[in-house]
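Student: Each protein sequence line maps, in turn, to chains A and B. The opening residue of the first sequence carries number 7 in the working numbering; numbering runs sequentially from there. The opening residue of the second sequence carries number 81 in the working numbering; numbering runs sequentially from there. Even glycine gets a Cβ: it sits at the ideal position worked out from N, Cα and C.
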Amino acid sequence: MNDMITVYLFGKKYTVPSNLTIMGAMEYAGYQLVRGCGCRCGFCGACATIYRIKGDRELKTCLACQTQVRENMYVATLPFFPLVKEVYDINEVPVNEQVMMELYPEIYKCIGCAACTKSCPQGLDTMQYIAYAQRGELEKCAEESFDCVMCGICSSRCPAGISHPQVGLLARRITGKYLAPEARHLTNRVREVEAGDFTELIEAIMAKPLEELKNLYNTREIEK
Amino acid sequence: MFTAKMMDSVKKVEATRKERMETEPRRMTAEEKEKLLKAYHPDYKEEEFVILKAGPNKGEKVPRELGVLLQARSRIKDTDVDLSSPDYDTDVLIIGGGGAGCAAAIEASRAGAEVLIVTKLRLGDANTMMAEGGIQAADKENDSPQIHYLDALGGGHFANRPQLLKKLVMEAPGALKWLNELGVMFDKDKDGNMITTHGGGTSRKRMHAAADYTGAEIMRVLRDEVLNLPISLADYTSAIELILDEEGRAAGAVLMNMETGELLTARAKTVILATGGAGRLHYQGFPTSNHYGATADGLVLAYRAGAKLLYQDTLQYHPTGVAFPEQIYGALVTEKVRSLGAMLVNAGGEAFMHPLETRDVSAASIIRECANGKGVVTPLGKGIWLDTPMIDLIHGKGTLEKRLPGMLRMYLKYEIDMRKTPILIYPTLHYQNGGIEIGADCQSTIENLFVAGEAVGGIHGRNRLMGNSLLDIIVFGRNAGTCAARRVKDIHTGKLTLAHIREMEEECQRAGIVTDKISPLLLPKYARTAGQL
Numbered sequence: 007m008n009d010m011i012t013v014y015l016f017g018k019k020y021t022v023p024s025n026l027t028i029m030g031a032m033e034y035a036g037y038q039l040v041r042g043c044g045c046r047c048g049f050c051g052a053c054a055t056i057y058r059i060k061g062d063r064e065l066k067t068c069l070a071c072q073t074q075v076r077e078n079m080y081v082a083t084l085p086f087f088p089l090v091k092e093v094y095d096i097n098e099v100p101v102n103e104q105v106m107m108e109l110y111p112e113i114y115k116c117i118g119c120a121a122c123t124k125s126c127p128q129g130l131d132t133m134q135y136i137a138y139a140q141r142g143e144l145e146k147c148a149e150e151s152f153d154c155v156m157c158g159i160c161s162s163r164c165p166a167g168i169s170h171p172q173v174g175l176l177a178r179r180i181t182g183k184y185l186a187p188e189a190r191h192l193t194n195r196v197r198e199v200e201a202g203d204f205t206e207l208i209e210a211i212m213a214k215p216l217e218e219l220k221n222l223y224n225t226r227e228i229e230k
Numbered sequence: 081m082f083t084a085k086m087m088d089s090v091k092k093v094e095a096t097r098k099e100r101m102e103t104e105p106r107r108m109t110a111e112e113k114e115k116l117l118k119a120y121h122p123d124y125k126e127e128e129f130v131i132l133k134a135g136p137n138k139g140e141k142v143p144r145e146l147g148v149l150l151q152a153r154s155r156i157k158d159t160d161v162d163l164s165s166p167d168y169d170t171d172v173l174i175i176g177g178g179g180a181g182c183a184a185a186i187e188a189s190r191a192g193a194e195v196l197i198v199t200k201l202r203l204g205d206a207n208t209m210m211a212e213g214g215i216q217a218a219d220k221e222n223d224s225p226q227i228h229y230l231d232a233l234g235g236g237h238f239a240n241r242p243q244l245l246k247k248l249v250m251e252a253p254g255a256l257k258w259l260n261e262l263g264v265m266f267d268k269d270k271d272g273n274m275i276t277t278h279g280g281g282t283s284r285k286r287m288h289a290a291a292d293y294t295g296a297e298i299m300r301v302l303r304d305e306v307l308n309l310p311i312s313l314a315d316y317t318s319a320i321e322l323i324l325d326e327e328g329r330a331a332g333a334v335l336m337n338m339e340t341g342e343l344l345t346a347r348a349k350t351v352i353l354a355t356g357g358a359g360r361l362h363y364q365g366f367p368t369s370n371h372y373g374a375t376a377d378g379l380v381l382a383y384r385a386g387a388k389l390l391y392q393d394t395l396q397y398h399p400t401g402v403a404f405p406e407q408i409y410g411a412l413v414t415e416k417v418r419s420l421g422a423m424l425v426n427a428g429g430e431a432f433m434h435p436l437e438t439r440d441v442s443a444a445s446i447i448r449e450c451a452n453g454k455g456v457v458t459p460l461g462k463g464i465w466l467d468t469p470m471i472d473l474i475h476g477k478g479t480l481e482k483r484l485p486g487m488l489r490m491y492l493k494y495e496i497d498m499r500k501t502p503i504l505i506y507p508t509l510h511y512q513n514g515g516i517e518i519g520a521d522c523q524s525t526i527e528n529l530f531v532a533g534e535a536v537g538g539i540h541g542r543n544r545l546m547g548n549s550l551l552d553i554i555v556f557g558r559n560a561g562t563c564a565a566r567r568v569k570d571i572h573t574g575k576l577t578l579a580h581i582r583e584m585e586e587e588c589q590r591a592g593i594v595t596d597k598i599s600p601l602l603l604p605k606y607a608r609t610a611g612q613l
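Here it is in structure tokens:
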């Protein structure tokens, strides 16, 4: 049997088992969630949450599905935050800092307070990846921001109004498309498939009787 | 943190590690696998299935929970909505905003069609976002589409629809190139070669990844691209019934605002169902690695409108769901952990199977160990060990952190460092192998109703290999978008009707089905106390 503890959901007091996540505690309390609930595994950023433990001056942030409740926890979820998402054509963007100046110029208003880094539930150095973006170091920005789940907590804490997740995403798409070296084996294989190099081979295997297919499968060579 | 009793078992795992690392466990023979599956795989528990009494698959077997929903009552009566002045009018209506829906939307829009996506939660809220391990494509020198075909066919117990499987493997390299050109950051070496590994049941290393955020990386790029294109979006809007025209062709859907309950209608020349899976139905009481919205809605909508299902009786239980700690019970531990060398080890420290058997075989094997007293007792059941410290021992220090950052982070929140101690796992409901029957053009047995993604049945036969789902949402998502857009030009939609709702209800009544259930479910009911609001 688990201990029961007190939590305050949007300021209202509830008594819940201490082994639950914040999301589990909300459902225990009777909330049928629509907003603020997504993958429930820490990958989708739907359940951004701000909390404070009674008596503690520090405001904390987390994902509700990945965080266990604590005694006297005051919880407010942030199911939506108005990030700026600029529309662009990935085939036409400049592949340097110009792209950031054009689409997300507010990153140059960063005052270096590090509230974004401090609030990231993924533990990313958000301010650092914004600095990379400012300098046009898009690959570094991409790498540093790679584990971003786009929950938007960083942006909610930013005095400069920066939409950090969108900046990171833009840098990653440019990196994936233009800056990472080409996978030549992939380019070649696509060309071979289009040229019909595998058409006969695939049709040959499709035409084989079931018993022969089973035998081929059970005796196939497996790469070490 | 593990309990003292668990730590005793960890010591046994550690004691055998050196010896285990020097010997590769034997792979099972075809006969051994068959025997194991029949004895321990949940698909073979006859009492967990029912026979459908009504609808296109009448007389066939389905999981109990799905049977209830397929033969439940509609949320509306056919006369409840006015079909004469639709709220939305579009060329292509896409139901579902996950990987398949977004891939379809991008291609349909590029082909010049007017596209509307409706999704019951946010755009990108889907199992795609949670696929961690990778995506298959035969793009290396020692590999080819026909080898990929044979791997998937054998893994699927030779039940895969050949034309669909051919499309999957032949278009796989093109799908990867398409993603790469949209800006997906695949793991590459400094020369640009894709870093690839094995998955369970693959005979070549063709698993491409983006760390253990592969699906998330694909999803956030696709979502961003949808938002860059002139595509209309209605989020927090579910489809609760399909609308047909008087000739029985798909022609739209009845929609519901998830927050206000308002009913709306959408008329469309073609409809693409990309509604995903069913993990949140918790078949046989299993926990699930699926998204909150995975409730088989598309299967219900299509079935009620008269579309045939295929292999609706076969589910995938991912061998490695989290067994401990309880806060993340059932969450996915990517198969990539085993691709990188971690072994499955029982409470006594014995590696009881080859870590890269197919998922159905691995899951059955783990269930057998636990049923035979060789599992570790946890607060919610039992589990066996996944020996994660092996990864850095094999590939060098820092590998786990670099290749599995998501897994490491998830466990560290509960003070478990998987670089140093093994982790406890047990099978979790992961994937719907079956779904709606389609042809190579993605069209179902209902004209103008296209289907893509996990809602499709037949691509993977009776068991899917790792990395073939992220692949199919792209291959068939794009295909559905292209085919649905192409069809638009020749269509003159007739008078709209919901008569099929009444007809299905009458058929159920004639079959003696008495039910107070309504479907589609839309969201699982997790609130402990049912409110009066």
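#1: What's the call for residue 165 of chain A, buried or exposed, on a 16-neighbour Cβ count within 10 Å?
#2: Would you check whether the ligand GTP has a heavy atom nearer than 7 Å to the C-beta of residue 197 of chain B?
#3: Looking at the C-beta of residue 219 of chain B, does it have a partner C-beta in chain A at a distance below 8 Å?
#4: With distance defined between alpha-carbon atoms, name the residue in B:81, B:304 and B:204 nearest to residue 90 of chain A.
#5: Would you report the Cα separation of residue 296 of chain B and residue 51 of chain A, rounded to the nearest angstrom?
#6: Within 8 Å (strictly less), CB to CB, does residue 407 of chain B reach chain A?
#7: In chain B, which residues lie less than 8 Å from residue 107 of chain A when you measure between Cβ atoms?
#8: Quick check: the region 230-245 of chain B against the region 269-285 of chain B, are at least 3 beta-carbon pairs closer than 8 Å?
#9: Is there a C-beta anywhere in chain B that falls below 8 Å from the one on residue 91 of chain A?
#10: Just the C-alpha distance for residue 313 of chain B and residue 25 of chain A, rounded to the nearest angstrom, thanks.
#11: Whole angstroms is fine: what's the gap from residue 74 of chain A's alpha carbon to residue 552 of chain B's?
#12: Please list the residues of the region 256-278 of chain B that have a C-beta atom closer than 8 Å to any C-beta atom in chain A, keeping them in chain order.
#13: Below 8 Å between beta carbons: does that hold for residue 545 of chain B and residue 368 of chain B?
#14: Taking a cut of 9 Å between CB atoms, which residues from the region 135-150 of chain B lie near chain A?
#15: Pull up the CB-CB distance for residue 33 of chain A and residue 607 of chain B, whole angstroms please, since I reckon it's below 8 Å.
#16: I'd like to know whether the C-beta atoms of residue 197 of chain B and residue 174 of chain B end up nearer to each other than 8 Å.
#17: Between which two residues does the alpha helix (DSSP H) holding residue 419 of chain B run?
#18: Can you list the residues of chain A that residue 201 of chain B reaches, using a CB-CB cut of under 9 Å?
#19: Buried or exposed for residue 83 of chain B, please, with buried defined as at least 16 other CB atoms from any protein chain shown within 10 angstroms of its CB.
#20: If we ignore side chains and look at the alpha-carbon of each, how far apart do residue 447 of chain B and residue 506 of chain B end up?
#21: For a cutoff of 8 Å on Cβ pairs, would you count residue 458 of chain B as touching chain A?
#22: So, using beta-carbon positions, are residue 460 of chain B and residue 409 of chain B closer together than 8 Å?
#23: Based on the DSSP secondary-structure assignment, which residues constitute the bridge partners of residue 454 of chain B?
#24: List, from N- to C-terminal side, the beta strand (DSSP E) runs of 3 residues or more that fit wholly inside the region 304-367 of chain B.
#25: As an exercise, report each continuous beta strand (DSSP E) stretch of at least 3 residues that is fully enclosed by the region 482-551 of chain B, in chain order.
#26: Does the pairing of the region 434-452 of chain B with the region 89-102 of chain B give three or more beta-carbon distances under 8 Å?
#27: According to the Cβ coordinates, are residue 353 of chain B and residue 531 of chain B closer than 8 Å?
#28: What distance in whole Å lies between the Cβ atoms of residue 392 of chain B and residue 519 of chain B, which are believed to be in contact at a cut-off of 8 Å?
#29: Please report the distance separating the alpha-carbon of residue 417 of chain B from that of residue 207 of chain B.
#30: With a Cβ-Cβ cutoff of 8 Å, do residue 356 of chain B and residue 346 of chain B count as a contact?
#31: Could you pull the DSSP bridge partners for residue 396 of chain B from this structure?
#32: If you measure beta-carbon to beta-carbon, which residues of the region 177-193 of chain A are closer than 9 Å to chain B?
#33: Less than 8 Å between the C-beta atoms of residue 334 of chain B and residue 343 of chain B, yes or no?
#34: Say whether chain B places a C-beta atom closer than 8 Å to the C-beta of residue 34 of chain A.
Tutor: Answer, in terms of the structure:
#1: Locating residue 165 of chain A in the first sequence gives position 159, counting from the first residue. Exposed: under 16 other Cβ atoms inside 10 Å.
#2: Summarising the ligand content, the structure contains no ligands, and the ligand GTP is consequently not present.
#3: For the purposes of this step, residue 219 of chain B is taken as residue 139 along the second sequence, with counting starting at 1. Interface residue, yes.
#4: In the first sequence, the residue the question calls residue 90 of chain A occupies position 84. The candidate whose alpha carbon is nearest that of residue 90 of chain A is B:304.
#5: By one-based count along the second sequence, residue 296 of chain B stands at place 216. By one-based count along the first sequence, residue 51 of chain A stands at place 45. Their Cα atoms are separated by approximately 11 Å.
#6: Taking the first residue of the second sequence as position 1, residue 407 of chain B is located at position 327. Residue 407 of chain B has a beta carbon lying within less than 8 Å of a beta carbon in chain A.
#7: To locate residue 107 of chain A, count along the first sequence from 1; it is residue 101. Residues of chain B passing the Cβ test: none, with the nearest at roughly 19 Å.
#8: Touching, per the Cβ criterion.
#9: Start at 1 with the first residue of the first sequence, and residue 91 of chain A comes out as number 85. With 8 Å as the cut-off, residue 91 of chain A counts as an interface residue toward chain B.
#10: As a first step, residue 313 of chain B must be located in the second sequence, where it is residue number 233. As a first step, residue 25 of chain A must be located in the first sequence, where it is residue number 19. Straight-line measurement puts the Cα of residue 25 of chain A at about 38 Å from the Cα of residue 313 of chain B.
#11: Your numbering for residue 74 of chain A matches position 68 in the first sequence. Your numbering for residue 552 of chain B matches position 472 in the second sequence. C-alpha separation (whole angstroms): 36 Å.
#12: Listed in sequence order: 256, 257, 260, 261, 262, 263, 264, 265, 266, 268, 270, 271, 272, 273, 274 and 278.
#13: Position 465 of the second sequence, counted from the first residue, corresponds to residue 545 of chain B. Position 288 of the second sequence, counted from the first residue, corresponds to residue 368 of chain B. No, they are not a contact pair.
#14: Within the region 135-150 of chain B, not one residue has a Cβ closer than 9 Å to any Cβ of chain A.
#15: As a position in the first sequence, residue 33 of chain A is number 27, starting the count at 1. As a position in the second sequence, residue 607 of chain B is number 527, starting the count at 1. At roughly 5 Å, the Cβ-Cβ gap stays under 8 Å, so residue 33 of chain A and residue 607 of chain B are in contact.
#16: Taking the first residue of the second sequence as 1, we reach residue 197 of chain B at position 117. Taking the first residue of the second sequence as 1, we reach residue 174 of chain B at position 94. Annotated as proximal: residue 197 of chain B and residue 174 of chain B, with beta-carbon spacing under 8 Å.
#17: Position 339 of the second sequence, counted from the first residue, corresponds to residue 419 of chain B. Element bounds for residue 419 of chain B: 416-419.
#18: To locate residue 201 of chain B, count along the second sequence from 1; it is residue 121. Residues of chain A passing the Cβ test: 40, 41, 43, 44 and 52.
#19: Numbered from its first residue, the second sequence carries residue 83 of chain B at position 3. Exposed, because fewer than 16 other Cβ atoms sit within 10 Å of the Cβ of residue 83 of chain B.
#20: On the second sequence, position 367 is the one that residue 447 of chain B refers to. On the second sequence, position 426 is the one that residue 506 of chain B refers to. Answer to the nearest angstrom: the Cα atoms are 8 Å apart.
#21: Position 378 of the second sequence holds residue 458 of chain B. With a threshold of 8 Å between beta carbons, residue 458 of chain B makes no contact with chain A.
#22: Walking along the second sequence from the start, residue 460 of chain B turns up at place 380. Walking along the second sequence from the start, residue 409 of chain B turns up at place 329. Yes, these two residues count as a Cβ contact at 8 Å.
#23: Within the second sequence, numbered from 1, the residue matching residue 454 of chain B stands at position 374. Per DSSP, none; premise fails for residue 454 of chain B.
#24: For the region 304-367 of chain B, whole beta strand (DSSP E) runs of length 3 or above, ordered along the chain, are 312-314, 317-325, 330-337 and 343-353.
#25: Counting whole runs of 3 or more residues, the region 482-551 of chain B contains the beta strand (DSSP E) stretches 503-512, 515-517 and 529-531.
#26: Short answer: they don't touch.
#27: Start at 1 with the first residue of the second sequence, and residue 353 of chain B comes out as number 273. Start at 1 with the first residue of the second sequence, and residue 531 of chain B comes out as number 451. Taking the C-beta atoms as reference points, residue 531 of chain B is found nearer than 8 Å to residue 353 of chain B.
#28: Here residue 519 of chain B refers to the residue found at position 439 when the second sequence is read from its first residue. Here residue 392 of chain B refers to the residue found at position 312 when the second sequence is read from its first residue. Taking C-beta atoms under 8 Å as the contact rule, residue 519 of chain B and residue 392 of chain B fail to qualify, at a distance of about 18 Å.
#29: Along the second sequence, read from residue 1 onward, the residue named residue 417 of chain B stands at position 337. Along the second sequence, read from residue 1 onward, the residue named residue 207 of chain B stands at position 127. So the alpha carbons of these two residues sit roughly 19 Å apart.
#30: If you number the second sequence from 1, residue 356 of chain B lands on position 276. If you number the second sequence from 1, residue 346 of chain B lands on position 266. No, they are not a contact pair.
#31: Within the second sequence, the letter at position 316 stands for residue 396 of chain B. Per DSSP, B:511.
#32: Listed in sequence order: 178, 179, 180, 181, 182, 183, 184, 186, 187, 188, 189, 190, 191, 192 and 193.
#33: For this step, residue 334 of chain B is matched to residue 254 along the second sequence. For this step, residue 343 of chain B is matched to residue 263 along the second sequence. Closer than 8 Å, so yes.
#34: Here residue 34 of chain A refers to the residue found at position 28 when the first sequence is read from its first residue. Under the 8 Å criterion on CB atoms, residue 34 of chain A is classed as interfacial with respect to chain B.
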